[in-house]
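Scroll down for the structure; my scribbles are underneath it.
Chains as they are written, first to last, in our numbering: chain A, 1 to 175; chain B, 1001 to 1226.
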């Protein structure tokens, strides 16, 4: 895996190598070069399996972090490629032509984080949030508790102190 | 002068007599269908079931209580508790109960836990497609007050605002014995003639529909379908 990263380093602008385990590494790449990195990893370095695409909202840095996790069946190693996007206009190139299942992750990221993948099939069809009116719910500036209190009504609760309550139930004559 | 004004008022355009869901064709799934196929959807309001005399009603309730067929629609994690009930250990068939694959054949709807908006839409639709008499058993604390999803953006907190509930079973998750006890309680209620959820739904139909439409923003089904 280290050899692969050394080769990649000569071709692309790659930094922040984070060696988490003997079989898991994370590298940070440029947003513009991501498609070339993924293509090289898939076609030349045997990272044929797209495990997942996920996003992290770094609201303090005003950035989204996308992580593409790839798996190599021959060396049994995982390689994660991190890319940072601008949070104000998060647009990323679609990878559905490299891995068909990529469109599902992109559909979900579009729904939950509002990240736009132009050309990704069925991107605007909601997976979970049918008829959702509001900001993408997985963004950190979305207050889920406040939204829940405004939208859904609570059931009134009766609180009982267990000791007193059981005394009242079991020994009503003493009270 | 006054007579002239009356004449003008009378010349208003004729009111559209078609039901609401036909008029609002943009949001409907069947909007592209030709007119003859619109009969697949029914938008008639539900009506409370008429009561017969006391003795016959008692007999009907006895018959209803001893043949409860469950709609096996796993709406949440509590649906897992239905499966042990079918097995030999708990064996609900001795109570005259069995799971059915379709709402058309079922009389008990078991809400098994948390209900998201997407599921609620299917629940409402399935509940309305069930033939009367029909009863609802809400299992798990999520269906009662939200449970661990009390601050979720996509999970409703109480199911009884959207469909009427006859029996609650508390727990997270309740053991099969508890669910069995809930079904036994439902049988008692039916025998006593107190399981009136279906009639409540018909009587407070507008209130239930308003609640449902407040939550389900892409309402693309008729107001009542059966």
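Each residue gets a CB set at the ideal place from its N, CA and C atoms; glycine is no exception.
- Residues are counted here when their Cβ sits less than 9 Å from a Cβ of chain A; for the stretch 1166-1188 of chain B the count is zero.
- Residue pairing by DSSP places residue 58(A) opposite 63(A) in a beta bridge.
- About 15 Å separates the Cβ atoms of residue 1099(B) and residue 1136(B), ruling out a contact at the 8 Å cut-off.
- Judged by DSSP in its simplified three-state form, residue 17(A) adopts strand.
- Residue nearest to residue 1117(B) within the set 1203(B), 1154(B), 1066(B), 1208(B) is 1154(B) (criterion: CA-CA distance).
- Beta bridge pairing from DSSP links residue 1100(B) with 1071(B).
- The beta-carbon of residue 132(A) is placed less than 9 Å from the nearest beta-carbon of chain B.
- Distance from the CA of residue 1207(B) to the CA of residue 1185(B), rounded to the nearest whole angstrom, comes to 27 Å.
- Using a 10 angstroms sphere on the CB of residue 1087(B), the tally of other CB atoms stays under 16, which defines it as exposed.
- Within the same chain, 1096 come within 7 Å of residue 1067(B) by CB-CB distance, once the 5 residues on both sides are set aside.
- From the beta-carbon of residue 144(A), the residues of chain B found nearer than 7 Å are 1151, 1152, 1153.
- Ranked by Cα distance from residue 1106(B), the options 1129(B), 1168(B), 1194(B), 1061(B) are led by 1129(B).
- Separation of the CB atoms of residue 1132(B) and residue 1077(B) is rounded to 29 Å, and the pair is thereby denied contact status at 8 Å.
- Note on the stretch 1144-1208 of chain B: whole beta strand (DSSP E) runs with a minimum of 3 residues are 1167-1169, in chain order.
- Proximity of the stretch 92-102 of chain A to the stretch 127-145 of chain A falls short of the contact definition, fewer than three beta-carbon pairs being nearer than 8 Å.
- Excluding five sequence positions before and after residue 141(A), the CB atoms of its chain that fall closer than 7 Å to its own CB belong to 59, given in chain order.
- Residue 164(A) sits exposed, since fewer than 16 C-beta atoms from the chains shown fall within 10 Å of its C-beta.
- Contact annotation for residue 152(A) against chain B: 1156, 1157 [CB-CB distance below 7 Å, chain order].
- Within the model, the alpha-carbon separation for residue 28(A) versus residue 118(A) is close to 22 Å.
- Distance check between residue 96(A) and each of 5(A), 35(A), 160(A), 9(A) places 35(A) closest, using alpha-carbon atoms only.
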